[in-house]
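Worksheet for the structure shown next.
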Amino acid sequence: MTEKPSFAGQRWHDMGGGAAGAVPKDQHDFSLWEKRVDALMIIASSQGHFTVDGLRRVLEDMGEEAFETMTYYERWIAAVNQNLIEAGVYTTAELAQRMTAVAARGTTYGEAASE
Amino acid sequence: MPHDHHDHLSPSGHPYRPDDDHPLTYWQQMEIAVRELLIEKGVTTAAAINAQIETMDARSPAHGAAVVARAWTDHDFRAALLKDASAATRDMGFDIGPMRLIALENTDTIHNIVVCTLCSCYPRNLLGLPPDWYKSRAYRSRTVKEPRKVLAEFGVTLPDSTTVRVHDSTADMRYVVIPQRPAGTDGWQADDLATLVTRDSMIGTGLAKTPDAA
Chain A
1 MTEKPSFAGQ
11 RWHDMGGGAA
21 GAVPKDQHDF
31 SLWEKRVDAL
41 MIIASSQGHF
51 TVDGLRRVLE
61 DMGEEAFETM
71 TYYERWIAAV
81 NQNLIEAGVY
91 TTAELAQRMT
101 AVAARGTTYG
111 EAASE
Chain B
116 MPHDHHDHLS
126 PSGHPYRPDD
136 DHPLTYWQQM
146 EIAVRELLIE
156 KGVTTAAAIN
166 AQIETMDARS
176 PAHGAAVVAR
186 AWTDHDFRAA
196 LLKDASAATR
206 DMGFDIGPMR
216 LIALENTDTI
226 HNIVVCTLCS
236 CYPRNLLGLP
246 PDWYKSRAYR
256 SRTVKEPRKV
266 LAEFGVTLPD
276 STTVRVHDST
286 ADMRYVVIPQ
296 RPAGTDGWQA
306 DDLATLVTRD
316 SMIGTGLAKT
326 PDAA
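Chains A and B, in that order, are what the protein sequence lines are.
The first sequence begins at 1 in the numbering used here and counts up one residue at a time.
The second sequence begins at 116 in the numbering used here and counts up one residue at a time.
The structure is reproduced here in C-alpha cells:
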C-alpha cells in the first residue's frame, strides 16, 4: 500500500482556518481598467453569458500561484475572458487578433485603450 | 485620448495601483480586447459600461450608514431590517440586486464579524467594493479561527463576556453588521447618527464612532 494522499478535502481557495500573518491594511483606489473589468463581469453575467459560479470556477482552477502572483482584477479578467469564450461570445482567434491590435496602438494603457 | 486616465484622479487620496502610467500589461491588453469585442458583438455598449462604473462608484459605506442610522431610530424599520434586509434596504431605494442580504445586530453581549473564506463576497451593492484587506489571505484565513486577534489588529478589544459570531459569506448571501449605537447620542437625528457609522463597523472589524471621536 502506498501512503494515503494528504488531501484534506480542502482546495487552496478554501482559506478559512489556515495560518497567515497580520492583515495587510494597505488600500488602493481602483484604476479605470480595474473598474472596467468589474463592469464587464456585472454586465456579461447579468445578460446570462455566465454566472458568478462560472467566474469562480475559473478563479479557483487558476490555482494558488495565480492568487499570489496576479492582482485581483487580473484574475477577474482572465476568468471573465475564459467564460465568454466558453459561452461562444467570441473565439480565441478573435481575442488573439484583437489583443495584437490593441498592443500595436501604444505602450501605455491610455494609448492602447484609444481606438 | 492617450492620457484620459488623468481625468480619473483618486477621490480619496489613496494611490491608484501604478498601472495606468506603466507599460501596458498583458491583462490590461486583454481587458481592452474583451471590452471591444463585447461592444462589437452587441453584448453591451461603451455607454453601458461607463454607466455601470458610475453606478458602482456611487455605492459607498454612506448607504449602509443611512440604513444603520435608521435602524437605530426607527423601531419598525429595525424589525423589518432584521427580518429581511434585502426587502428593507430595497424599500429605502437601494438597488441591492438579487443576492440575499442579512442584517446582523450587535448587542451588549454579541459582536458580529463578516468574512468570505472562499473568495471575496461582500455586500457591494450596499457598501460599494470591499477594502483590499477583506480579500486578503490573512483576513480570510484567520477571521474564522482567531477572530479576537484579528479584531485586535483593527483596534477592537472586546470583553471575554462578549460572544463573537463570525459569519462566512457566500456568493448568494451577504451580511451587513448593525453596530451598537454609541452612548451619548440620545436625541440625535438619523442623519447625524449616520456620520458615526464606519465601513468597518458594518463589516464587524470596527465599532461605530463615539460622539467625541466623530
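Glycine included, C-beta positions come from ideal geometry on N, C-alpha and C.
query                                                                                                                                            : result
Cβ pair alanine 186 (chain B), phenylalanine 192 (chain B) closer than 7 Å                                                                       : yes
Neighbour list for glutamine 10 (chain A) in chain B, Cβ cutoff strictly below 9 Å                                                               : Per Cβ cutoff of 9 Å: no residues; glutamine 10 (chain A) is ~10 Å from chain B at best.
Pair within 7 Å by beta-carbon distance, leucine 242 (chain B) and alanine 112 (chain A)                                                         : no
Start-to-end residues for the alpha helix (DSSP H) that takes in tyrosine 72 (chain A)                                                           : 72 to 86
Identified DSSP bridge partners for asparagine 240 (chain B)                                                                                     : According to DSSP, asparagine 240 (chain B) bridges with nothing at all.
Supposed contact pair threonine 188 (chain B) and alanine 305 (chain B) - C-beta distance, whole angstroms, cut 8 Å                              : 5 Å
Alpha helix (DSSP H) runs contained entirely in the region 15 to 74 of chain A, provided each spans 4 or more residues                           : 32 to 46, 52 to 61, 64 to 69
Sheet register partners of threonine 278 (chain B) (DSSP bridge)                                                                                 : B:Ile225
For alanine 184 (chain B) and alanine 323 (chain B), the rounded distance between their alpha carbons                                            : 11 Å
Enclosing alpha helix (DSSP H) for glutamate 151 (chain B) [first to last residue]                                                               : 141 to 155
Residue range of the unbroken alpha helix (DSSP H) whose run includes tyrosine 290 (chain B)                                                     : Counting along the chain, tyrosine 290 (chain B) falls outside any alpha helix (DSSP H), though it belongs to the beta strand (DSSP E) covering 288 to 293.
Run of the alpha helix (DSSP H) containing alanine 180 (chain B), from where it starts to where it stops                                         : 176 to 188
Whole-Å CB distance - methionine 171 (chain B) paired with aspartate 38 (chain A), under 8 Å assumed                                             : 6 Å
Integer Cβ distance of glutamine 140 (chain A) from proline 326 (chain B), believed to fall under 8 Å                                            : Chain A is shown from 1 up to 115; residue 140 (chain A) falls before or after that span and cannot be answered.
DSSP-derived helix/strand/coil call for aspartate 283 (chain B)                                                                                  : strand
Reduced DSSP category for threonine 325 (chain B) - H, G, I as helix; E, B as strand; rest coil                                                  : coil
Neighbouring residues, chain A, relative to tyrosine 254 (chain B) (Cβ below 7 Å)                                                                : Val23
Alanine 203 (chain B), buried or exposed, once every other Cβ within 10 Å from all chains shown has been counted against 16                      : buried
The region 158 to 191 of chain B: positions lying closer than 7 Å to chain A by Cβ                                                               : Val158, Thr159, Ala163, Ile164, Gln167, Ile168, Met171
Under the three-state DSSP convention, the category threonine 105 (chain A) falls into                                                           : According to the sequence as given, residue 105 (chain A) is arginine; it is not threonine. Three-state result, arginine 105 (chain A): coil.
Identity of the residues DSSP links to alanine 218 (chain B) by a beta bridge                                                                    : B:Val291
Closest by C-alpha distance to glycine 18 (chain A), when choosing among B:Val259, B:Val182, B:Val230, B:Met207                                  : B:Val259
Neighbour flag for threonine 277 (chain B) against chain A, beta carbons, 7 Å                                                                    : no
Limits of the unbroken alpha helix (DSSP H) element including valine 271 (chain B)                                                               : Here valine 271 (chain B) belongs to no alpha helix (DSSP H), and DSSP marks it neither H nor E.
Residues of its chain near aspartate 210 (chain B), where Cβ-Cβ distance is below 7 Å and the 5 sequence neighbours each way are ignored         : Asn240
Residue from A:Thr100, A:Leu40, A:Ser114 whose Cα sits closest to the Cα of tyrosine 141 (chain B)                                               : A:Thr100
Contacts around alanine 173 (chain B), its chain only, beta-carbon distance under 8 Å, and the 5 residues preceding and following it disregarded : none
Delimiting residues of the alpha helix (DSSP H) encompassing leucine 308 (chain B)                                                               : 305 to 309
C-beta atoms of glutamine 180 (chain B) and valine 312 (chain B) nearer than 7 Å                                                                 : The sequence shown places alanine at residue 180 (chain B), not glutamine. Yes. Within cutoff.
Same chain, Cβ closer than 7 Å to aspartate 275 (chain B), neighbours up to 5 away in sequence not counted                                       : none
Where proline 138 (chain B) falls: helix, strand or coil (DSSP)                                                                                  : strand
Beta-carbon contacts of arginine 314 (chain B) that lie in its chain and below 6 Å, excluding the five residues immediately before and after     : Pro176
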